[in-house]
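**Q** According to full-length UniProt numbering, the sequence shown holds residues 1 to 172 in order.
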Amino acid sequence: MCYLHPLTWGTTYLGVVWAYKTAFKVTTKHTPFQLVYGLEAIAPLEFLKGSSRVGHPRIDNLQVMSNINMNRLHQLEEKRTIADSTLEKEEIRRKAWHDQYLWKTEVKEGSLVLLYQPRLYNRKEKKLSTGWTGPYKVKEIFPQGAVRLSTLEGTQIPLVNRSRLKLYQETK
1 MCYLHPLTWG
11 TTYLGVVWAY
21 KTAFKVTTKH
31 TPFQLVYGLE
41 AIAPLEFLKG
51 SSRVGHPRID
61 NLQVMSNINM
71 NRLHQLEEKR
81 TIADSTLEKE
91 EIRRKAWHDQ
101 YLWKTEVKEG
111 SLVLLYQPRL
121 YNRKEKKLST
131 GWTGPYKVKE
141 IFPQGAVRLS
151 TLEGTQIPLV
161 NRSRLKLYQE
171 TK
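1. Between residue 79 and residue 85, what straight-line distance do the alpha-carbon atoms span, to the nearest angstrom?
2. Where residue 97 and residue 27 are concerned, what is the direct C-alpha to C-alpha distance, given to the nearest angstrom?
3. Residue 94: buried (16+ other C-beta within 10 angstroms of its C-beta) or exposed?
4. Quick one: Cα of residue 10 to Cα of residue 44, how far?
5. Return the bridge partner residues of residue 116 from the DSSP annotation.
6. Kindly indicate which three-state DSSP category residue 78 falls into: helix, strand or coil?
7. Could you give the distance in angstroms between the alpha-carbon of residue 40 and the alpha-carbon of residue 22?
8. Within a Cβ cutoff of 8 Å, which residues of the same chain sit near residue 162, ignoring the five residues on either side of it in sequence?
9. Along the chain, where does the beta strand (DSSP E) containing residue 149 start, and where does it finish?
10. With residue 175 as the anchor, note down where its beta strand (DSSP E) starts and where it stops.
11. Can you check which of these residues, 171, 42, 66, 152, is closest to residue 110 by C-alpha distance?
12. So residue 214 and residue 133 are supposed to be a Cβ contact under 8 Å. How far apart are they, rounded?
13. To the nearest angstrom, how far is the alpha carbon of residue 175 from that of residue 30?
14. The beta strand (DSSP E) spanning residue 156 covers which residue range?
15. Quick check on the burial criterion: 16 or more other C-beta atoms within 10 angstroms. Buried or exposed for residue 36?
16. With 16 as the cutoff for other CB atoms within 10 Å, does residue 89 come out buried or exposed?
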């Protein structure tokens, strides 16, 4: 976008930043502006057209004003803690959604597996190749999902992720 308007990208950029700061975010259930300042942003159009949020009654009593500011500060802290908990819940929900699409393989040490390597072949020569190579023998399984493989002859293969494996089924 900036390369289309090299002289005026600065004014466009400010509008993009304003739109981002005032847009509702699903992960926190608030706008970034609310989480920083504690209030909903007042759009420039509200100043031109007039709005009940623009005009504030004048308060001369400093004690009342300090109480109002303290209440706003406490509300801001509550909003931030709620946003933190909502963010944690959203991360758990998204991780569960992501993990449901991972290949689930019950790989054990000593079992025969196939390894998925789609970029191993030249695409023009083997356009319809499956990308599965093997069989390989599982030598060791690490807790974070890494697996050490070896060929049937015993040659070691570098560590691979468990999601790239599937059990090898021998045909009789």
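Just so it is clear, CB atoms sit at the ideal spot from N, CA and C, and this is done for glycine as well.
Bear in mind the structure is a predicted one, so any value in this text is a computation, not a measurement.
**A** Taking the structure as given:
1. 10 Å
2. 15 Å
3. exposed
4. 18 Å
5. 132
6. helix
7. 8 Å
8. 105, 107, 141, 145, 146, 147
9. 146-150
10. Beyond the ends of the chain as shown, which are 1 and 172, falls residue 175; an answer cannot be given.
11. 152
12. Here the chain covers residues 1 to 172 and nothing more, so residue 214 does not appear.
13. The displayed coordinates of the chain run from 1 to 172. Any statement about residue 175 would go beyond what the structure contains.
14. 156-161
15. exposed
16. exposed
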